Amino acid sequence: RGAHDLAGRRIVVSAGGTREPLDPVRFLGNRSSGKQGVAIAEAAAARGAEVTLVAANLEVAEPGGCRIRHVSSALELRDAVREAAVGADAVVMAAAVADYRPAAVSEAKIKKVDGQDHLTLELVRNPDILAELGASDHDGTLLVGFAAETEADRDRLLELARAKRRAKGADLLVVNRVGWSQGFAADENTVAVVGPDDAIVAEASGSKMSVAHGILDVIAGRLAPGAA
Ligand code: C5P
188 RGAHDLAGRR
198 IVVSAGGTRE
208 PLDPVRFLGN
218 RSSGKQGVAI
228 AEAAAARGAE
238 VTLVAANLEV
248 AEPGGCRIRH
258 VSSALELRDA
268 VREAAVGADA
278 VVMAAAVADY
288 RPAAVSEAKI
298 KKVDGQDHLT
308 LELVRNPDIL
318 AELGASDHDG
328 TLLVGFAAET
338 EADRDRLLEL
348 ARAKRRAKGA
358 DLLVVNRVGW
368 SQGFAADENT
378 VAVVGPDDAI
388 VAEASGSKMS
398 VAHGILDVIA
408 GRLAPGAA
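Numbering (UniProt numbering) for the sequence shown: 188 to 415.
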């Protein structure tokens, strides 16, 4: 890993977890801390890339050396990623994006009703941002997706990753088993990277920063010739 092997490259990283508003004070969220995505952004900047971090509700400090776009919901993240992705060399979708959002956002705080013991929320599907990019004309932009799965069996986990990479039209898919020894808020991570021919192109384990460099090694080796 050359010190500045990403010099002249533009890399977009999404990180964190989206919050889908319900009313002015409530949201549906997830447990993503943003640690792995932030580590990738920081490591890419250290390797010379011009990094745009699309940050959704990070629970970790923001990295230095990156341009940061703050977003909260999946729809906001989509707008920011799409804009930043134009002309980018790579888009790394490390954010945990909500699959569904409340169908309606109440303008007033939703009140409890005496005698009403059940409340049903209607949700609608969010757009799949990575799949949209994968289906769009993205020549020259390497698309990297993530999968956090609870599947314990390694072979089945890798099959899920391969299927997900294909379904989303991503070039690389980074899979980690949440709850292995790891998880969203943990400092360590273990991942495998699945490539276009379904092969495992890299495996990395250790601090989220060392895993970030392992993922960037794969990305650096697959960027279209040019810059750098
Ligand atoms: O389908 P699943 O949520 O497991 O896919 C995870 C990958 O897809 C991640 O890279 C995530 O950032 C991305 N994703 C997305 N838009 C969604 C859901 C997930 O871009 N609505």
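Built from N, CA and C at the ideal position, the CB exists for glycine as well. Every value quoted in this text rests on a predicted model; they were computed, and no experiment measured them.
Local conformation of residue i per DSSP, three classes
i	result
SER368	Unreliable placement is indicated for SER368, whose pLDDT of 49 sits below 50; the coordinate value is still reported in the next sentence. Note: SER368 maps to coil in three-state DSSP.
GLU338	coil
ALA389	strand
VAL292	coil
VAL381	strand
GLY332	strand
ALA283	strand
ARG349	helix
Contact test: residue i Cβ vs ligand 1 heavy atom, cutoff 8 Å
i	result
SER392	no
LYS351	yes
MET315	A small correction: the amino acid at residue 315 is Asp; Met does not occupy that position in the sequence shown. Yes, since a heavy atom of ligand 1 falls inside the 8 Å radius drawn around the Cβ of ASP315.
PHE333	yes
ASP358	no
LYS222	no
LYS298	no
ASP266	no
ALA283	yes
Exposure of residue i, with buried meaning 16 or more beta-carbon neighbours within 10 Å
i	result
SER323	exposed
VAL311	exposed
GLY408	exposed
LEU410	buried
ALA389	buried
ARG343	exposed
Residue interval of the beta strand (DSSP E) (run including residue i)
i	result
ILE198	197 to 203
ASP210	207 to 210
ARG213	213 to 215
Same chain, Cβ closer than 7 Å to residue i, neighbours up to 5 away in sequence not counted
i	result
VAL284	THR205, ALA261, LEU264, ASN313, ILE316
Same chain, Cβ closer than 8 Å to residue i, five either side skipped, listed in chain order
i	result
ALA272	VAL199, VAL278, LEU320, HIS325, THR328
Alpha helix (DSSP H) segment containing residue i, residue limits
i	result
LEU245	Looking at the DSSP string, LEU245 is not in any alpha helix (DSSP H), and its letter there is neither H nor E.
ARG269	261 to 272
ALA357	Note, ALA357: premise wrong, no alpha helix (DSSP H); not H, not E.
ARG234	No alpha helix (DSSP H) holds ARG234; DSSP gives it neither H nor E.
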